[in-house]
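Have a look at the structure below before the remarks.
In this note's numbering, the protein residues as written are 85 to 358.
Structure representation (structure tokens):
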């Protein structure tokens, strides 16, 4: 099976209806559909039961947050690739999956573009770069509703459930920067994203991001990364941002980070096992 689509829902009945409709109306059929509901009390379960035959797996029960629910979906999935399309988000067209899989996928992560839809009716198209660099991985995040992730990438780690907002960002750092997995950008608008979700809480998001950096990187790199955020407020930052996009910069900085991490892990293990 080529694809597992995973939808997470909690008390978003109307959004869930839109999401389900966009999935079951796809012309592409080589996928399974998994739905994880957090024990909704707004009539969402009735919507799920109406479409029960369309799901290969579904659960409606209390969970411990969105990443706990996403991990449940991952563990139930059997597809080669996973696509997270949470309630309220919709696939961009009925044939978009057919377009994506018209050519066999081989990269670890394949991502497209995402249309952001706000409650006031303003729509913004997020177009993501073909070449990822340290800056745009650390500063932003790939769009989950427009990213096809090889299921095998979760074999050695699921999403960290102690975070409420940034576990997906942590995942991209681990895989793209630290592990150097393969990726590919495709010039297709994959999904429409409902911007009214939890990730709009910027203060909590920034705090959790700081915890991620502190947890993932040794002190030397962590200190440098925190300095990076201070540099952002300086007048010279736009120039540094452009320099960071160059291939020469990437060839130097990413291997350096990986080497420092290996050294850090070596001495950490040696200290634990003298």
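Cβ coordinates follow ideal geometry from the N, Cα and C atoms, glycine included.
If you're wondering where the values come from, they're calculated on a predicted model, not measured in any experiment.
Looking at the structure shown, is residue i part of a helix, part of a strand, or coil, going by DSSP?
{"i": "residue 276", "result": "strand"}
{"i": "residue 271", "result": "strand"}
{"i": "residue 120", "result": "strand"}
{"i": "residue 323", "result": "Reliability of the predicted coordinates at residue 323 is poor, the pLDDT of 49 falling under 50, and the value obtained from them is presented with this limitation in mind. Here residue 323 sits in helix by DSSP."}
{"i": "residue 96", "result": "coil"}
{"i": "residue 111", "result": "coil"}
{"i": "residue 301", "result": "coil"}
{"i": "residue 162", "result": "coil"}
{"i": "residue 106", "result": "helix"}
{"i": "residue 245", "result": "coil"}
{"i": "residue 266", "result": "coil"}
{"i": "residue 356", "result": "In this prediction, residue 356 has a pLDDT of 47, which is less than 50 and means its spatial position is unreliable; what the coordinates show is noted afterwards. Residue 356 falls in the helix class under three-state DSSP."}
{"i": "residue 250", "result": "coil"}
Identify every residue that forms a DSSP beta bridge with residue i.
{"i": "residue 167", "result": "89"}
{"i": "residue 175", "result": "275"}
Residue i: which of the options sits nearest, CA to CA?
{"i": "residue 274", "options": "220, 107, 299 and 240", "result": "107"}
{"i": "residue 263", "options": "248, 205 and 241", "result": "241"}
{"i": "residue 171", "options": "250, 153, 221 and 215", "result": "153"}
{"i": "residue 103", "options": "299, 297, 290 and 276", "result": "276"}
{"i": "residue 286", "options": "203, 248 and 215", "result": "248"}
{"i": "residue 148", "options": "246, 303, 163 and 110", "result": "246"}
{"i": "residue 261", "options": "217, 232, 229 and 233", "result": "217"}
{"i": "residue 176", "options": "157, 105 and 131", "result": "105"}
{"i": "residue 115", "options": "301, 225, 166 and 159", "result": "166"}
{"i": "residue 289", "options": "195, 224 and 267", "result": "224"}
{"i": "residue 110", "options": "180, 133 and 206", "result": "180"}
{"i": "residue 112", "options": "132, 133 and 86", "result": "86"}
{"i": "residue 239", "options": "169, 196, 159 and 131", "result": "159"}
{"i": "residue 169", "options": "291, 297 and 99", "result": "99"}
{"i": "residue 270", "options": "298, 215 and 136", "result": "215"}
{"i": "residue 229", "options": "211, 253 and 195", "result": "195"}
Starting from the C-beta of residue i, find all residues in its chain whose C-beta is less than 8 Å away, skip the five residues before and the five after it, and write them out in chain order.
{"i": "residue 259", "result": "192, 193, 237 and 265"}
{"i": "residue 96", "result": "124, 126, 128, 171 and 172"}
{"i": "residue 155", "result": "242, 243 and 245"}
{"i": "residue 256", "result": "221, 225 and 226"}
Short of 6 Å in beta carbon distance, which residues of its chain neighbour residue i, apart from the five on each side in sequence? Order them along the chain.
{"i": "residue 139", "result": "117 and 119"}
{"i": "residue 293", "result": "250"}
{"i": "residue 208", "result": "200"}
{"i": "residue 94", "result": "122 and 124"}
{"i": "residue 145", "result": "123"}
{"i": "residue 151", "result": "243, 245 and 251"}
{"i": "residue 157", "result": "90, 118 and 120"}
For residue i, which residues in the same chain have their Cβ closer than 7 Å to its Cβ, ignoring the five residues on either side in sequence?
{"i": "residue 161", "result": "88, 90, 118 and 235"}
{"i": "residue 356", "result": "The predicted position of residue 356 is uncertain, since its pLDDT is 47 and thus under 50; no value can be drawn from it."}
{"i": "residue 220", "result": "213"}
{"i": "residue 203", "result": "280"}
{"i": "residue 178", "result": "109, 110 and 111"}
Going by the C-beta, is residue i closer than 8 Å to any heavy atom of the ligand FAD?
{"i": "residue 237", "result": "The ligand FAD is absent from the structure shown, which contains no ligands of any kind."}
**Study point:** Every unbroken alpha helix (DSSP H) within the segment 185 to 242, with a cutoff of 4 residues, ordered by chain
**Key:** Segments of the alpha helix (DSSP H) lying fully in the segment 185 to 242: 218 to 223.
Point to revise | beta strand (DSSP E) runs wholly inside the segment 115 to 160, at least 3 long, in chain order | key: As far as the segment 115 to 160 is concerned, its whole beta strand (DSSP E) runs of at least 3 residues are 115 to 121 and 141 to 144.
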